[in-house]
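In this note's numbering, the protein residues as written are 329 to 874. Where is the CB? At the ideal position from N, CA and C, for every residue including glycine. Have a look at the structure below before the remarks.
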């Protein structure tokens, strides 16, 4: 088919090639220069679209969908400051290895550097944070550029979904008219006379990485820490069984609920007991947020870090070996252990610690961060999305039930949380989100979207940044409350009314379990607030650590 103008031709090709390469969703923030791309996206039968008004929120919404699906998701903006708002999500996608496809519309070359409206230099906007970047110049009607356009888009998708997935930036320049006519009443254009068929060659993907060489690992007194990353969970658990090694499962591993150690945070509160000290630790992916796991790694003689994407995750700079590849290929080369009882020692110690913690939580008369996180074991969610700061630490310490847990822990920011949760909820039914009050307020613009998404959002409201109560600032910073806790004095009930959300305040964790279960059984977005007293929260945390 031919097209009414060059801008429409370019936009249709870009959108079609994105869809052919596996992009199933484009999140769109409204704008003028991006009109041709937005119109083409809505018209494409293989692409779903979602409108999010705020560009920062839109990018995190797309990132949440990419996190839930593992596949590429695109986000589109107009020109000027609009794509600059994508930067926080690009940073998170870079560090979390998520294939976020950033598409920015741009003004043509003749409008650059002359003070034209809504025009900045968008080339290289995201620097080294993207796996690849390209600018497609505004086309002329007399040149057939279909092959170049499609090759550029396909190449960026290869970079985004390769052996180390991550964000890419496609900057597309347009001249008016940007709507599918030759005369939009303001600008006339000539018909683009060339055909734009798909290319014959398929979208390429990088080959699966494997380690070139393995360290020699002794089978005795080994230990596996399963973190956030790409690996076969069932096979990893099978290797732990065969070796007789304890498997410590972080919340973000999604491996809890089986014969694993989940309660390591309180178990290791006073250091690593002598009878639990490993000779070898194999840490898979990103193993935060508990720093006590890093202290456990420190005690081992051999410390192996494995990540399929090749991320350097070695905060204490003490790894004996860092491998890019499949952890199960490494473990398959280790013979069976002759050290009987090692795994049982760990499991028994973990059970004793879990029983003690569960007793303290059960006796707690008022809600706290840890008791709220523990209560989520009793809620039938399909996916759990957790905000940074205290919520992810509490979930990692308290959650025991199986199920996928998602969090933006690449850069660990609180920004974009509402949008990330909505992005996940658009993919996985019965999504439950847990956040602190500041995380929700920081991204309340994320509720400004056009789709029917079901989400239950639990906000732990401690009146500001409660995490700082655990840090040196609480004791040594002048004007501590104003500078660090930053009390907001805002009503979440009013916020819910503004965004037409169902709202409820719950007085305790029993009511939270009941209300969250009810909300998950119905459609729409629910906001459940749990008020937490910071002093009581601190007291319970100290008690849990014994």
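Inter-residue CB distance, residue i and residue j (contact presumed, cutoff 8 Å)
i: residue 342; j: residue 365; result: 7 Å
i: residue 704; j: residue 753; result: Actually they do not touch by this definition, with Cβ atoms about 16 Å apart.
i: residue 844; j: residue 760; result: 6 Å
i: residue 594; j: residue 344; result: At roughly 53 Å, the Cβ-Cβ gap does not stay under 8 Å, so residue 594 and residue 344 are not in contact.
i: residue 378; j: residue 861; result: Not really, about 38 Å apart at Cβ, beyond 8 Å.
i: residue 500; j: residue 559; result: That belief does not hold up - the Cβ atoms of residue 500 and residue 559 are roughly 36 Å apart, past 8 Å.
i: residue 765; j: residue 787; result: 6 Å
i: residue 774; j: residue 682; result: Rounded, the Cβ-Cβ distance is 35 Å, inconsistent with contact.
Alpha carbon of residue i to alpha carbon of residue j, nearest angstrom
i: residue 577; j: residue 747; result: 27 Å
i: residue 436; j: residue 653; result: 43 Å
i: residue 368; j: residue 336; result: 8 Å
i: residue 493; j: residue 565; result: 25 Å
i: residue 675; j: residue 606; result: 14 Å
i: residue 808; j: residue 503; result: 53 Å
i: residue 818; j: residue 583; result: 37 Å
i: residue 381; j: residue 546; result: 55 Å
i: residue 821; j: residue 665; result: 57 Å
i: residue 429; j: residue 840; result: 37 Å
i: residue 527; j: residue 478; result: 7 Å
i: residue 555; j: residue 346; result: 31 Å
i: residue 610; j: residue 507; result: 55 Å
i: residue 473; j: residue 480; result: 11 Å
i: residue 523; j: residue 425; result: 36 Å
i: residue 418; j: residue 673; result: 43 Å
i: residue 549; j: residue 464; result: 56 Å
i: residue 859; j: residue 789; result: 5 Å
i: residue 795; j: residue 716; result: 10 Å
i: residue 867; j: residue 450; result: 50 Å
i: residue 446; j: residue 490; result: 34 Å
i: residue 791; j: residue 662; result: 51 Å
i: residue 812; j: residue 575; result: 37 Å
i: residue 626; j: residue 670; result: 19 Å
i: residue 406; j: residue 434; result: 7 Å
i: residue 618; j: residue 847; result: 31 Å
i: residue 460; j: residue 452; result: 10 Å
i: residue 698; j: residue 687; result: 13 Å
i: residue 395; j: residue 516; result: 42 Å
i: residue 863; j: residue 694; result: 11 Å
Three-state secondary structure (DSSP) of residue i
i: residue 583; result: coil
i: residue 392; result: helix
i: residue 342; result: helix
i: residue 518; result: coil
i: residue 633; result: strand
i: residue 572; result: coil
i: residue 597; result: coil
i: residue 550; result: strand
i: residue 861; result: coil
i: residue 854; result: strand
i: residue 626; result: helix
i: residue 577; result: strand
i: residue 512; result: coil
i: residue 556; result: strand
i: residue 707; result: coil
i: residue 589; result: strand
Residue i - containing beta strand (DSSP E), residue span
i: residue 430; result: 428-434
i: residue 499; result: 496-501
i: residue 300; result: An answer regarding residue 300 cannot be provided, because it is not within the stretch 329 to 874 covered by the chain.
i: residue 711; result: 711-714
i: residue 651; result: 649-652
Residue range of the unbroken alpha helix (DSSP H) whose run includes residue i
i: residue 685; result: 670-691
i: residue 655; result: 655-659
i: residue 848; result: 837-848
i: residue 700; result: 697-703
i: residue 476; result: 474-488
Residue-chain proximity (residue i, chain B), Cβ-Cβ < 8 Å
i: residue 599; result: No chain B is present in this structure, which holds just one protein chain.
Please give the ranges of any beta strand (DSSP E) in the segment 767-835, keeping only runs that are unbroken, at least 3 residues long and fully inside the region. 783-789, 830-834, all fully within the segment 767-835.
For a minimum of 3 consecutive residues, which ranges assigned as the beta strand (DSSP E) are wholly contained in the segment 347-386? For the segment 347-386, whole beta strand (DSSP E) runs of length 3 or above, ordered along the chain, are 353-356, 376-379.
Inside the segment 394-472 only - alpha helix (DSSP H) runs reaching at least 4 residues: Given a length threshold of 4 residues, each whole run of the alpha helix (DSSP H) inside the segment 394-472 is given here in chain order: 409-412, 415-424.
Contiguous beta strand (DSSP E) assignments of at least 3 residues, all confined to the segment 727-769: List check, beta strand (DSSP E) in window: 759-764.
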